[in-house]
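Novice:
In this note's numbering, the protein residues as written are 434 to 786.
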């Protein structure tokens, strides 16, 4: 019955104080001035033109275009829309799989994203509405993967506290490693051994480059081959990776360290937001292990951030395929001067009111 109702009513608009129409679920809300300025809008597989635009420079992974890349069908989007500006000051997208609602379904993070102007009581109501919306969609649990704390420390910490007060628990936490980007040279925070590795690469004539070809096949083949040589698989299928590069050419860029015409190291970096670059798929040619060209590659990414007013370089987590910490990778990133920031995964049992 629930699925039938959601199929019939793809777009549900709820005004404050509000009811779900026609689902029949009533949610109480206080009639404050700030709440009267907001509408809660629930959408299921909406046309992109009808999705309320976010009021601030948001994260790529929460855009409708990236949600469609994650999974073509089944997306639910809840927005807190300012009745005056018609922009969303809070948003959360989720997918339901076998009774479990997840945000995101295929991205480093999703969860609730909200603007700095969102009133406190509206954020509380948004979280309550999200919980009831997920129940309406037929899920029994809800999982939210938050963005790393370093991306927006104040809002991330505030959201974490709010989720805990609304019955969520922390199901998992793994640190991401990042470099704050300043006017200082990259080499300043390196341990001496890593400086020597950069010098060795430069003496050998290696060069850092931004990949200029529109053909992504060579990039993907290199990633697949190097992962296979080390006994790993890509965290994203080659087909989806090709689609990511094709769909987001301005946000997803390949960078290389070249030894003549040979790739010594390569990565795909994602512009998650205008001021954040995420080192998404780094890989080194095993034939160049003695040179450790990934250090020079990271130096090049850092310089790229300096040139493009990007304030944070996210080096990502350091986990194996079983989501366990890789001590060698952790040590390598610390040697580069990377700092650690928690990324929390929240879970909510929806059978508990």
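Cβ atoms here follow ideal geometry from the backbone N, Cα and C, with glycine treated the same way. This one's a predicted model, so the numbers in the text were calculated from it and none came from an experiment.
Measuring alpha carbon to alpha carbon, tell me which of 725, 637, 564 and 584 ends up nearest residue 768.
Specialist: Nearest C-alpha to residue 768: 725.
Novice: Short check: CB of residue 639 to CB of residue 589, under 9 Å?
Specialist: Taking 9 Å as the Cβ cut-off, residue 639 and residue 589 do not qualify as a contacting pair.
Novice: Pull up the DSSP beta-bridge partners for residue 691, would you.
Specialist: DSSP, once it has assigned bridges, lists 640 and 696 as partnering residue 691.
Novice: Suppose only complete runs of 3+ residues qualify. What are the beta strand (DSSP E) ranges in the stretch 491-518, listed by chain order?
Specialist: Here the runs fully enclosed are 509-515.
Novice: Give me the Cα-Cα distance between residue 779 and residue 604, rounded to the nearest whole angstrom.
Specialist: Approximately 6 Å between the Cα atoms of the pair.
Novice: Can you check which of these residues, 558, 628 and 541, is closest to residue 578 by C-alpha distance?
Specialist: Nearest of 558, 628 and 541 to residue 578, Cα basis: 541.
Novice: Output the residue ranges of the alpha helix (DSSP H) runs that lie fully inside the stretch 719-757 and measure 4 residues or longer, sorted by chain position.
Specialist: Listed in chain order, they are 726-740.
Novice: For the alpha helix (DSSP H) containing residue 573, name the first residue and the last one.
Specialist: No alpha helix (DSSP H) contains residue 573, which DSSP labels as neither H nor E.
Novice: In the structure shown, what three-state DSSP assignment does residue 659 receive?
Specialist: Helix at residue 659.
Novice: I'd like the span of the alpha helix (DSSP H) that includes residue 676, first residue to last.
Specialist: 671-680 is the extent of the alpha helix (DSSP H) around residue 676.
Novice: Which full runs of the alpha helix (DSSP H) of 4+ residues lie inside the stretch 539-573, going along the chain?
Specialist: Counting whole runs of 4 or more residues, the stretch 539-573 contains the alpha helix (DSSP H) stretches 553-569.
Novice: Nearest by alpha-carbon distance to residue 653: which of 547, 642, 665 and 672 is it?
Specialist: Of 547, 642, 665 and 672, the residue nearest in Cα terms is 672.
Novice: Ends of the alpha helix (DSSP H) at residue 604?
Specialist: No alpha helix (DSSP H) holds residue 604; the beta strand (DSSP E) holding it covers 602-613.
Novice: Can the beta-carbon of residue 771 be found closer than 9 Å to that of residue 748?
Specialist: Yes, these two residues count as a Cβ contact at 9 Å.
Novice: Between which residues of its own chain and residue 619 is the CB-CB distance below 6 Å, once the five residues before and five after are set aside?
Specialist: Hits under 6 Å: 732 and 735.
Novice: Cα-Cα, which of 723, 513, 597 and 583 is closest to residue 550?
Specialist: For the residues 723, 513, 597 and 583, the minimum Cα distance to residue 550 belongs to 513.
Novice: Which partner residues of residue 716 appear in the DSSP bridge assignment?
Specialist: Answer is 699, bridged to residue 716.
Novice: Look up residue 595 in the DSSP assignment and say whether it is helix, strand or coil.
Specialist: Looking at residue 595 - three-state DSSP - the assignment turns out to be helix.
Novice: I'd like to know whether the C-beta atoms of residue 704 and residue 743 end up nearer to each other than 9 Å.
Specialist: Yes.
Novice: Is the beta carbon of residue 729 less than 9 Å from the beta carbon of residue 641?
Specialist: Contact flag set, yes.
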